[in-house]
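In our numbering, the protein residues as written are 190 to 524.
Ideal Cβ positions, reconstructed from N, Cα and C, are used throughout, including at glycine.
Predicted model, so just to flag it, every value in this text is computed and none were measured.
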């Protein structure tokens with residue numbers, strides 16, 4: 190059980206004998222019921238809604254076991270996390286700060302991230318077209334041209350322009366594989382305007398929160414981005430490192446959930462001016478999300494069996510190594 194999600198409002202978490210007890214209270218009788226027991230030794234991370242309470246004893250037990258605790262809002266927004274005390278990583282951070290001021294290193298690192306993202310977008314579309322016996326060679330050729338252009342970018346702004354152009358073409362084609370009852374005209378966030386955007390936003394939030402934890406765990410500063418501009422209020426490096434995984438995990442998963450009718454209109458609700466997954470919708474999404482993250486596959490690019498979750502952490506390890514040897518950073522590529 191790498192990740193446990195506790196998303197039902199008003200549940201309480203306490204600990205006993207190296208286990209977390211998730212407790213609910215019957216509103217009529219006032220009687221407490223343990224709805225779930227989670228052995229701490231089996232847990233890698235805990236994700237909670239902000240309306241779930243946890244005792245300080247349980248929080249202390251999780252931090253001692255090196256398990257991060259992530260908080261989401263009721264709409265799925267990443268609020269923050271409690272992280273175990275880290276070992277000293279002063280030298281790595283000092284080198285990271287220096288590298289962030291080197292234009293050549295920043296452009297090279299960001300360029301590899303964008304190239305990997307466009308490559309993975311193209312591979313997702315190739316697979317979809319092959320499964321449905323469609324000819325998208327012309328459209329995929331346009332993405333290939335943008336992919337080739339990334340290596341010639343002279344500035345970050347130019348690189349972001351290629352990324353934006355690729356995203357526009359990609360989503361236009363990707364949307365054509367959705368069922369008619371779930372149209373997708375454009376990407377919308379804060380708030381998401383339809384069920385498809387709700388899934389994309391929720392998945393991206395989960396991916397982002399997990400990457401933030403990995404970056405912290407390996408001693409880097411998640412606020413300092415290369416592709417995403419460093420600014421207050423977000424972890425820009427985490428946003429950078431999840432970019433190649435968005436097509437493979439978030440967008441491919443959302444498409445599967447709709448085309449296989451795992452999610453339907455009953456799993457969404459209007460709220461805060463947008464559309465969001467409801468409680469049952471989140472449960473179904475999370476089940477499939479975790480399965481996809483932990484499913485083993487043979488990667489042609491790393492020449493071994495792995496999982497997407499392992500590759501998420503490997504991105505941080507590779508980036509940290511590249512601070513001393515820039516050629517060592519190779520973002521995740523889909524088979």
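Where does residue i sit, in a helix, a strand or coil, going by DSSP?
i           : result
residue 457 : strand
residue 273 : coil
residue 294 : helix
residue 254 : coil
residue 378 : coil
residue 259 : strand
residue 499 : helix
residue 221 : strand
residue 204 : strand
residue 192 : strand
residue 491 : coil
residue 519 : coil
residue 451 : coil
residue 228 : strand
residue 214 : strand
residue 267 : strand
Between residue i and residue j, which are expected to be in contact by the criterion C-beta below 8 Å, what is the C-beta distance as a whole number of angstroms?
i           : j           : result
residue 397 : residue 267 : 6 Å
residue 438 : residue 522 : With a Cβ gap of about 14 Å, residue 438 and residue 522 do not count as contacting.
residue 506 : residue 407 : 6 Å
residue 464 : residue 368 : 16 Å between Cβ atoms; not a contact.
residue 366 : residue 444 : 6 Å
residue 434 : residue 501 : 7 Å
Distance check for residue j and residue i, CA to CA, integer angstroms please.
i           : j           : result
residue 260 : residue 355 : 32 Å
residue 242 : residue 212 : 10 Å
residue 232 : residue 330 : 44 Å
residue 296 : residue 270 : 30 Å
residue 333 : residue 312 : 10 Å
residue 357 : residue 325 : 16 Å
residue 371 : residue 395 : 22 Å
residue 403 : residue 475 : 19 Å
residue 349 : residue 469 : 37 Å
residue 508 : residue 293 : 15 Å
residue 240 : residue 486 : 36 Å
residue 412 : residue 217 : 47 Å
residue 510 : residue 284 : 11 Å
residue 473 : residue 224 : 18 Å
residue 252 : residue 273 : 5 Å
residue 430 : residue 361 : 24 Å
residue 347 : residue 524 : 28 Å
residue 315 : residue 436 : 12 Å
residue 499 : residue 489 : 15 Å
residue 400 : residue 427 : 5 Å
residue 440 : residue 320 : 17 Å
residue 207 : residue 405 : 25 Å
residue 308 : residue 291 : 26 Å
residue 421 : residue 513 : 27 Å
residue 457 : residue 299 : 35 Å
By the DSSP assignment, the alpha helix (DSSP H) with residue i in it spans what residues?
i           : result
residue 351 : 345-364
residue 463 : Premise fails: residue 463 lies in the beta strand (DSSP E), 463-466, not in any alpha helix (DSSP H).
residue 326 : 326-339
residue 448 : 441-448
residue 283 : 279-288
Tell me which same chain residues have a C-beta within less than 7 Å of the C-beta of residue i, skipping the five on either side of it?
i           : result
residue 247 : 202, 203, 204 and 209
residue 390 : 265, 378 and 381
Just reading off the beta strand (DSSP E) that residue i is part of, what are its end residues?
i           : result
residue 388 : Where residue 388 is concerned, there is no enclosing beta strand (DSSP E), although the alpha helix (DSSP H) it sits in stretches over 384-406.
residue 244 : No beta strand (DSSP E) holds residue 244; DSSP gives it neither H nor E.
residue 431 : Unbroken run through residue 431 is the alpha helix (DSSP H), 425-431; no beta strand (DSSP E).
residue 488 : 486-488
residue 234 : 234-238
Can you name, in chain order, every residue of its own chain whose Cβ lies under 6 Å from the Cβ of residue i, other than the five neighbours on each side?
i           : result
residue 364 : 373
residue 221 : 212 and 214
residue 432 : 302 and 306
residue 237 : 195 and 260
residue 244 : 203
residue 227 : 193 and 209
Using a Cβ-Cβ cut-off of 8 Å (strictly less than) and excluding sequence neighbours within five positions of residue i, which residues of its own chain qualify?
i           : result
residue 301 : 518, 519 and 520
residue 304 : 336, 339, 340 and 520
Are the C-beta of residue i and some C-beta of chain E separated by less than 9 Å?
i           : result
residue 229 : Here chain E cannot be found, since the structure has a single protein chain.
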